[in-house]
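Heads up: the structure comes next, in structure tokens.
Encoded structure:
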């Protein structure tokens with residue numbers, strides 16, 4: 001007999017007051033703990049960062065005890081779809097990167113989805129003195145028997161997986177480049193099939209979104225839309241993207257994601273190949289492509 | 302169940318600090334069949350006279366109180382911009398969202414023929430019986446706090462979108478009726494640092510049946526001679542210090558919903574809407590606490606809860 005969860009909406013949040021260049025910090029776990037009798041579901045994860053210029057530098061690693069949710073550190077901008085088109089408004093001095101999970105992540109009572117934050121300092125080799133906040137939007141489960149049902153295997157749960165390929169930082173307007181992900185970048189490392197929900201394609205133009213039309217970085221949209229081409233295939237050599245396709249067409253410029261909803265077998269992976277014909281771009285900014293894979297798998301507790 | 306779409310609309314003029322009632326005849330289901338309302342839209346137009354303020358977004362100063370037949374829809378006058386999630390942010394260039402000239406990220410535009418559009422998609426269709434009307438009362442705050450004048454008439458259009466039930470449709474004995482409630486932190490309170498706590502009657506279930514809350518929206522309004530409109534939650538312009546606390550915590554019947562004070566931008570996100578599935582038992586209410594810093598003068602925070610309950614026809 002299945003047991004239905006009796007839920008109450010919850011928000012759990014924690015923060016760090018700032019972070020030095022190349023530093024990694026954790027967030028107070030007691031603030032992120034699921035303190036409900038039957039555990040909790042996490043439906044959304046939000047990263048509030050102090051400015052829209054941290055497309056690449058601010059990265060997060062998520063895990064539950066020793067179970068990884070992300071493969072090492074993933075840029076906070078590369079978890080979910082973009083809601084704000086340009087992600088670089090200069091006067092709202094903070095940005096919220098939102099990740100809405102396709103399947104809720106279940107935490108047992110007392111468990112914590114821990115998060116570590118890293119200032120990778122790829123675009124900006126400086127300390128960030130403003131607050132960085134991580135928030136979980138979810139549901140607390142009030143009936144203990146739901147947790148028991150999960151432990152007994154009566155109820156299925158799901159765990160998300162986020163992994164990213166971060167390309168090489170290149171200077172626009174100098175010469176053309178190529179870049180390619182490795183077999184471990186966009187991989188399902190588990191022994192069960194994974195449902196890949198979407199890919200996020202970001203491009204950091206000196207830390208900014210290519211859609212940003214203020215300052216010199218507006219020129220970055222040339223590299224994003226017109227001069228960086230993608231091809232893609234999977235571990236079985238099946239063609240995913242056959243012809244060189246502009247980066248901004250694959251990962252649409254309005255929300256930066258490509259929804260695929262496909263199955264990736266155990267140990268399977270995707271390879272993305274980038275042909276960056278950026279020597280013609282009339283700009284001296286630096287660009288870094290980011291492609292992440294977001295999916296989930298079914299687990300038995 | 303139903304195939305015929307139908308749209309009812311009514312437009313009223315409303316003066317600064319005034320009230321207006323939409324023509325209920327135009328919002329009446331004149332069919333012999335029940336009508337199922339699925340969406341309610343509001344369109345506002347700024348006064349056509351020369352405006353005193355630089356930027357204007359009337360959806361943030363006009364409020365609506367709704368009643369469908371004998372059923373109460375809202376507990377008080379609800380500001381129009383709080384109906385539904387933020388539409389314009391996804392588009393980026395739609396008038397009514399972003400003031401690029403001033404670069405302040407305000408939900409208003411600088412030109413003086415502004416229109417704002419707000420869409421409320423009901424969590425369950427609302428049944429309007431044959432001959433029944435939607436009663437819509439509007440009120441408009443004075444344009445600028447403490448200002449007895451005000452610009453000319455603004456216009457607001459309410460539109461009901463739905464379907465007419467098929468002739469074979471059997472009217473159920475019980476129907477789902479939406480309900481909106483609101484917790485308003487007064488502008489006076491916002492002028493000083495401190496906490497504001499909601500009351501039992503703000504966000505609660507006044508009915509004898511359970512109320513299902515499906516979303517909560519947060520809005521931060523400014524109302525001055527500089528601008529009238531909703532602000533992004535974090536903005537260093539418009540006298541909002543980004544390091545200044547604008548945080549919220551929430552509980553229902555001793556169960557924590559937001560245990561620690563959390564910034565409103567994290568809770569409500571880019572759409573300024575928190576989708577949820579919260580059941581409030583009869584007479585149960587939500588305790589919300591809003592904490593603000595000392596630089597929130599001239600602002601007003603609004604928390605609005607949307608849901609539905611079952612009523613007997």
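Residue numbers (our numbering), protein chains in the order written: chain A, 1 to 301; chain B, 302 to 614.
Heads up, the beta-carbon is just placed ideally off N, CA and C, and yes, glycines get one too.
If we define contact as Cβ-Cβ less than 8 angstroms, is residue i a contact residue for chain A?
i                      : result
residue 531 of chain B : no
residue 563 of chain B : yes
residue 438 of chain B : no
residue 518 of chain B : no
residue 586 of chain B : no
residue 582 of chain B : no
residue 559 of chain B : yes
residue 496 of chain B : no
residue 577 of chain B : yes
Using three-state DSSP, classify residue i as helix, strand or coil.
i                      : result
residue 179 of chain A : strand
residue 235 of chain A : coil
residue 580 of chain B : strand
residue 555 of chain B : coil
residue 434 of chain B : strand
residue 507 of chain B : coil
residue 308 of chain B : strand
residue 568 of chain B : helix
residue 286 of chain A : strand
residue 31 of chain A  : helix
residue 12 of chain A  : strand
residue 416 of chain B : strand
residue 148 of chain A : helix
residue 328 of chain B : coil
Just the C-alpha distance for residue i and residue j, rounded to the nearest angstrom, thanks.
i                      : j                      : result
residue 580 of chain B : residue 609 of chain B : 10 angstroms
residue 257 of chain A : residue 577 of chain B : 24 angstroms
residue 339 of chain B : residue 427 of chain B : 7 angstroms
residue 127 of chain A : residue 594 of chain B : 26 angstroms
residue 260 of chain A : residue 39 of chain A  : 31 angstroms
residue 512 of chain B : residue 169 of chain A : 53 angstroms
residue 147 of chain A : residue 30 of chain A  : 20 angstroms
residue 324 of chain B : residue 437 of chain B : 8 angstroms
residue 277 of chain A : residue 179 of chain A : 11 angstroms
residue 107 of chain A : residue 558 of chain B : 16 angstroms
residue 3 of chain A   : residue 284 of chain A : 59 angstroms
residue 186 of chain A : residue 295 of chain A : 11 angstroms
residue 184 of chain A : residue 484 of chain B : 50 angstroms
residue 373 of chain B : residue 501 of chain B : 18 angstroms
residue 524 of chain B : residue 471 of chain B : 48 angstroms
Is it right to say residue i is buried, meaning 16 or more other beta carbons lie within 10 angstroms of its own, or is it exposed?
i                      : result
residue 78 of chain A  : buried
residue 200 of chain A : buried
residue 150 of chain A : buried
residue 607 of chain B : buried
residue 290 of chain A : buried
residue 543 of chain B : Caution is warranted here: a pLDDT of 46 is assigned to residue 543 of chain B, below 50, making its placement in the model unreliable, and the coordinate value is therefore given only provisionally. Buried is the call here.
residue 503 of chain B : buried
residue 429 of chain B : buried
residue 554 of chain B : exposed
residue 281 of chain A : buried
Are the C-beta of residue i and some C-beta of chain B separated by less than 8 angstroms?
i                      : result
residue 215 of chain A : Any reading at residue 215 of chain A needs caution, since the residue's pLDDT is 46, under 50, leaving its predicted position unreliable; the model's value is listed next. Chain B contact via Cβ: absent.
residue 143 of chain A : no
residue 16 of chain A  : no
residue 202 of chain A : no
residue 69 of chain A  : no
residue 46 of chain A  : yes
residue 2 of chain A   : no
residue 9 of chain A   : yes
residue 180 of chain A : no
residue 147 of chain A : no
residue 157 of chain A : no
If we call anything under 8 angstroms between Cβ atoms a contact, is residue i one with residue j?
i                      : j                      : result
residue 369 of chain B : residue 439 of chain B : no
residue 225 of chain A : residue 246 of chain A : yes
residue 167 of chain A : residue 54 of chain A  : no
residue 292 of chain A : residue 96 of chain A  : no
residue 48 of chain A  : residue 567 of chain B : yes
residue 137 of chain A : residue 117 of chain A : no
residue 113 of chain A : residue 44 of chain A  : no
residue 195 of chain A : residue 263 of chain A : yes
residue 603 of chain B : residue 380 of chain B : yes
residue 463 of chain B : residue 307 of chain B : yes
residue 509 of chain B : residue 600 of chain B : no
residue 531 of chain B : residue 361 of chain B : yes
Taking C-beta pairs closer than 9 angstroms, name the residues in chain C that residue i reaches, listed in chain order.
i                      : result
residue 556 of chain B : Absence of chain C from the displayed structure is noted, the protein chains being A and B.
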